[in-house]
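Position 37 (the sequence shown) corresponds to 44 in my numbering; numbering is contiguous.
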Amino acid sequence: MLRKLLFITLLVPILGTAQKFTDSQIKEMIETYKGLDRGPYKSINWFCEDGTIRDSKDPCPGDLEGIQHASYKPQVIELAQRNHIYFGEILASNEIWKFWDGNNNHSRLKQYQLQKFLENSDNGWIQEKSQFYRGAKQIEDEEEWGRKFYYTVLSSNEIVDRDFFLVRESLRDLPHDGDTNLSQEIRSLSKILAERNPAFMELRIKIHGNPEKEDTQAVENWLKEHEKKIKKEDLEKFELLIDKMHEFFKPVSISELEKMVSDWDKNSFIYNQVSWFSSTYKNETDPSIIIPAASGLMCDIRVNLKEDRRGTRRTSALELSLRLEELIFQQASQWNPNTIREHIDKIYALSEALASAGYIEQWEWDLVENDLHIHTDATVKAKILLQFIQKARQQLAWGSGMVKSIYGDTVEQYASFEPLALGFYDDKIRSSLLLPLGDAIGDFSGLVSRQIGMENNVPVVDNTSTIKGLNPGYAMGTLHVVSGDAHGLSVNPSDIYVFETPPSDLKPVAGIATVSEGNLVSHVQLLARNLGIPNAVISTENLSDLKKLDGKSVFYAVSPNGIVHLFDKDQLSNDEQDLFTASKSKDKKEIRIDENRLKLEITSPVDMATVTSKDSGILCGPKAANLGQLKQLFPEKVVNGIVLPFGVFKDHMLQSMPDYEGTYWDFLNNAFAKAKQLKQNGSTPTEVEQYQLDQLEILRSSIKTMPLKPSLIEELEKQFKSTLGSKLGNVPVFLRSDTNMEDLEEFTGAGLNLTVFNVVEREKILQGIRDVWASPYTERSFKWRQTYLSNPESVYPSILIIPTVDVDYSGVLITKDFLNNHAEKVTVAMSRGAGGAVDGQSAETYLIHQNGTTELIAPARENKRRRLPVTGGSYMEHVDFNHSILNEMDLKKILQFAQDAHATMPESKNGTYKGAWDIELGFKDGKLFLFQIRPFVENQNALSHPYLQKMDEMINTEIELLTSKEIHA
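Structural data, given as structure tokens:
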């Protein structure tokens with residue numbers, strides 16, 4: 008009788024109220040399991056097809072089929088039940104769809120991959136000793152289950168479309184055909200050996216960063232030289248490393264590739280393409296020929312994978328795709344382009360292969376392929392090459408973003424109790440075609456930059472061509488290099504920060520650089536652009552290099568064309584030193600708000616439809632005033648709304664303040680008067696600011712419990728019925744802070760104050776009013792205001808109350824191409840769900856030309872969206888990337904509205920405002936909704952500063968370069 012696979016799930020989550028294990032408890036488990044011979048396992052058992060579990064020496068009786076493997080410790084089962092964390096999974100014990108774990112964003116599959124990485128990089132991790140526990144896993148059972156898994160899931164067209172990248176990547180890690188993840192094992196072994204043998208570190212860095220076939224011989228030579236100094240156990244590991252490297256760099260036999268899809272129909276497109284490739288290139292050795300052909304075949308496999316519905320054949324095709332990727336990885340370092348044309352061809356071929364491996368979605372590649380597959384004449388202008396390089400760089404960002412988006416939830420979950428999990432990102436990226444593509448782009452970018460005089464000056468960085476400036480400006484301060492998530496980080500406003508992942512609530516700093524551009528229209532990015540804070544995008548390798556300057560005082564400058572200088576302040580030239588002298592310090596235009604303009608006598612709510620942009624800064628803030636104007640101009644695109652004017656706030660601030668002899672308003676003014684006195688008496692700026700923040704915290708806490716006048720509540724109830732169509736407590740609404748100190752022509756103030764999301768209950772709405780009034784007195788809001796405003800204490804918040812729209816997607820429209828300073832294009836960034844783009848989410852971003860043509864700048868890489876139920880509050884749900892957010896009709900509607908806004912907004916129409924507009928919008932069931940409009944504010948001093956302009960003076964983007972002539976540094 009044939010042996011059957013049994014799918015007995017031992018780790019099944021159950022419903023219950025058991026409290027989750029804490030991170031510290033899980034850490035203790037990990038350390039305990041590392042030291043146990045059986046690790047996370049209890050014993051070896053027989054698992055019979057009738058559901059019984061028997062001792063290892065008591066096989067299933069009679070004709071009952073069964074499989075033998077380890078059972079889990081009770082604590083491991085409980086961890087799965089409570090935390091949905093699965094340690095030491097034995098595949099043969101699982102049901103396929105429960106392991107696929109679709110309801111939890113495929114967490115179990117990702118955990119399995121992550122644990123494989125941890126086991127390779129940390130001497131077995133929780134399996135440090137149990138990896139030698141005989142019989143815990145039967146490899147033939149694991150592989151048989153793995154094959155069944157892929158044959159099952161890959162028979163689904165939906166999974167092939169939606170989860171192509173995840174499934175293909177998992178083929179490296181789940182046993183199914185005897186293969187192992189060699190590149191991961193090589194990096195892990197070299198890391199462990201370098202930690203034990205510091206003299207090996209230089210070679211380990213080379214293997215980690217740019218592995219080549221010649222490295223195998225280098226390791227062998229190093230071992231011969233140091234053999235007598237190495238411990239016996241390490242000698243064995245060095246020999247294993249060398250064996251793995253020989254296996255990894257063993258040339259892929261092109262003539263044998265046809266056999267990998269021998270199960271496909273001989274008339275199928277995939278089989279014929281593979282057969283032609285194998286016969287045509289079996290004797291080819293030139294990488295400039297092999298790589299484009301292999302990337303083209305990878306593309307054929309991805310596009311035509313659904314030609315056959317059988318999971319068996321789809322599995323073999325994806326295994327072939329992985330083998331082709333391995334071939335390209337091996338050959339990439341051997342392809343050394345000598346001409347511009349050859350550089351372009353190499354970058355295109357590697358980009359195509361990257362997309363074919365799933366790092367770029369198919370629809371994304373379709374939109375950018377023509378920009379990378381450029382045709383050239385005998386000469387080409389440098390600016391065309393720079394555009395090509397920028398588009399190629401985007402592929403790196405999109406591909407890296409895919410890794411972090413797909414695996415991010417699982418990695419972050421594990422990182423809370425196992426910091427080594429964060430290395431998974433780097434491991435995935437370095438084992439992929441992102442590595443050779445990044446090298447190819449860096450080489451070509453450096454070459455072109457040198458030809459046209461556009462070179463960055465960052466001495467500690469090996470490859471400066473991967474650095475690009477975003478916002479112009481200059482600064483000097485202590486550099487802080489922050490790896491991982493920077494949420495909650497305390498920052499110094501005089502310092503410069505390099506973030507792997509910047510916080511969405513960043514307080515003012517002197518300069519910023521980030522590993523990816525993120526969302527170019529987020530509130531933090533717009534504030535930085537507004538205040539002339541230098542900002543640049545860097546690579547992961549650049550981040551590592553910049554750690555050499557961590558904690559040192561540096562000079563940092565970004566030019567209008569994106570050139571970046573960053574170096575130790577001891578290297579400053581005389582011109583650069585002059586930038587920081589008392590007489591030539593940064594020009595900072597201070598703004599003073601005229602309180603005499605305020606119309607404070609109106610102390611009741613008003614209908615938003617009755618206010619216009621002329622009321623901005625007088626009756627209410629610009630959000631309400633401009634949205635009221637839009638309501639009059641575009642009534643179908645704007646919801647109804649209620650405004651609580653400045654006068655309502657001031658009226659309530661004149662009430663007596665508890666535990667203080669005076670009103671709330673007296674307390675505020677006395678606090679700033681005392682601060683001024685402290686400054687005059689010689690207190691340091693830090694001492695004065697801390698006093699102000701302490702007093703504002705007292706005030707903020709008191710406002711949050713301030714009594715609301717009965718007259719306000721009565722009028723508010725009337726407005727809800729007349730304007731929003733139902734009584735207070737029945738309509739879900741947003742409460743948006745709207746002060747007299749934001750959306751000014753010189754200062755945006757974007758995102759500094761509170762928005763209360765989707766509240767329904769009467770008491771929550773009333774409390775929301777207090778919370779919004781209190782929000783301008785937070786540390787972050789005050790610090791951003793005082794960078795530009797001479798009287799930041801004179802802030803008056805109004806409140807805009809609008810009904811909730813549970814949009815399908817939302818974001819920001821800037822009515823110019825601010826990236827390249829072109830007025831003939833508009834920029835739009837959109838994320839799925841509510842609150843899109845403004846908080847730094849990785850947003851789908853386009854440039855739309857006035858003639859209707861579009862250019863994809865970035866796809867979304869946010870794997871969740873916020874939904875707004877009618878019951879109030881919000882929840883997050885997982886989303887996929889295999890379709891674009893915006894469709895062609897959406898883009899047309901956005902362009903049309905951008906044109907209409909300039910034609911109809913009074914300030915644009917009468918010529919009093921000539922700049923671009925910053926608009927928040929969303930779509931629900933294909934309908935465009937408008938939520939905010941304000942001036943788009945840029946720092947003109949930074950754009951026109953003589954020093955920053957001088958950085959660009961040598962650039963000549965109009966120069967014609969020969970495409971076929973050998974060109975070197």
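Glycine included, every Cβ here is placed at the ideal spot set by N, Cα and C.
Exercise. How about Lys289: is its C-beta nearer than 8 Å to some C-beta of chain D?
Worked result: Going by chain labels, chain D is absent from the structure shown, which holds only one protein chain.
For this session: Starting from the Cα of Ile545, find the closest Cα among Gly480, Gly476, Tyr563 and Glu608 and give me that residue.
Result: Residue Gly476 is the option with its Cα nearest to Ile545.
key: Opening and closing residue of the alpha helix (DSSP H) in which Asn90 lies   = Pro81 to Asn90
At which residue ranges does the stretch 348-377 contain complete alpha helix (DSSP H) runs of 4 or more residues, listed in the order of the chain?
DSSP runs (the alpha helix (DSSP H)) wholly in the stretch 348-377: none.
Note to self: What does the alpha-carbon distance come out to for the pair Gly69 and Glu96?
What the structure shows: 29 Å
Around the Cβ of Ala447, are there at least 16 other Cβ atoms within 10 angstroms (buried) or fewer (exposed)? buried
- Message: Let me make sure I understand the geometry here. Which of Ala201, Ser162 and Arg115 has the alpha-carbon closest to that of Ser177?
- Response: Arg115
- Task: Closer than 8 Å by C-beta to Phe789: which residues in its own chain qualify, once you throw out the five before and the five after it? Chain order, please.
- Result: Gln699, Leu700, Leu703, Pro783 and Pro799
### Query
Where does the unbroken alpha helix (DSSP H) through Met958 begin, and where does it stop?
Pro953 to Met958
Based on DSSP bridge pairs, tell me the residues matched to Pro942.
Assignment of beta-bridge partners to Pro942 by DSSP yields Trp924.
*asked:* For Gly318 and Ile33, what's the separation of their Cα atoms in angstroms?
replied: 37 Å
6 Å Cβ shell around Gln636 - same chain, five flanking residues per side excluded: Thr619 and Ser620
(Q) Using the Cβ count rule (16 or more neighbours within 10 Å means buried), how would you classify Ile146? (A) exposed
(message) Quick check on the burial criterion: 16 or more other C-beta atoms within 10 angstroms. Buried or exposed for Tyr79?
(response) buried
>> Between Leu820, Pro479 and Met883, which has its C-alpha nearest Ile855's C-alpha?
In response: Comparing Cα-Cα distances from Ile855 to each of Leu820, Pro479 and Met883, the minimum goes to Leu820.
_Alpha carbons only, please: which of Asn737, Asn760 and Ile60 is nearest the one belonging to Ser744?_
Asn760
Supposed contact pair Leu553 and Val655 - C-beta distance, whole angstroms, cut 8 Å:
No, Val655 and Leu553 are not in contact; Cβ-Cβ is about 49 Å, not under 8 Å.
Touch check for the stretch 460-474 and the stretch 369-381: three-plus C-beta pairs under 8 Å?
no
- Query: Quick one: what does DSSP say Lys591 is sitting in, helix, strand or coil?
  - Reply: Because the pLDDT at Lys591 is just 44, under 50, the model does not fix this residue reliably, and the point stays unresolved.
Whose C-alpha, out of Asp384, Val886 and Leu719, is nearest the C-alpha of Lys972? Asp384
Q. For Asn110, which of helix, strand or coil comes out of DSSP?
A. helix
Per-residue DSSP class, three states only, for Lys644 = In the structure shown, Lys644 sits in a helix (DSSP, three-state: H, G or I).
What's the C-alpha gap between Glu694 and Asp673? 22 Å
Whose CA, out of Asp658, Glu507, Lys823 and Lys916, lies closest to the CA of Glu548?
Glu507
Self-check item: Sequence-distant residues of its chain with Cβ nearer than 8 Å to Gln578 (five each side left out)
Solution: Pro466 and Phe562
- Since Phe395 contacts Ile367 with CB under 8 Å, what's their CB separation in whole angstroms? Going by Cβ atoms, the distance from Phe395 to Ile367 rounds to 16 Å, so no, they are not a contact pair.
Counting along the chain, where does the alpha helix (DSSP H) carrying Phe276 start and finish? Phe276 to Tyr288
Quick check: the Cα distance between Gly628 and Ile940, rounded to an integer number of angstroms? C-alpha of Gly628 to C-alpha of Ile940: approximately 12 Å in a straight line.
| task | Check Phe904 in the structure and name its three-state DSSP category. | result | helix
Quick one: give me the first and last residue of the alpha helix (DSSP H) that Asn677 is part of. Tyr671 to Gln687
In the DSSP assignment, the alpha helix (DSSP H) including Trp53 goes from what residue to what residue? Where Trp53 is concerned, there is no enclosing alpha helix (DSSP H), although the beta strand (DSSP E) it sits in stretches over Tyr48 to Cys55.
His329 versus Gln224 - alpha carbon distance:
Correcting the residue type first, residue 329 is Leu in the shown sequence and not His. Each residue's CA atom was taken as its position, placing Leu329 and Gln224 some 25 Å apart.
Could you tell me which whole beta strand (DSSP E) segments of length 3 or greater appear in the stretch 179-209? Here no run is fully enclosed.
Apart from the five residues just before and just after Ile166, which ones in its own chain have a Cβ nearer than 6 Å to its Cβ? Val160
Fill in: Residues near Pro443 by beta carbon distance below 8 Å, same chain, minus five either side
Ile335, Phe336, Ala339, Ser340 and Leu357
- Query: For Pro294, which residues from the same chain have a beta carbon less than 6 Å from its beta carbon, with the 5 sequence-adjacent residues on both sides left out?
  - Reply: Gln338, Gln341 and Trp342
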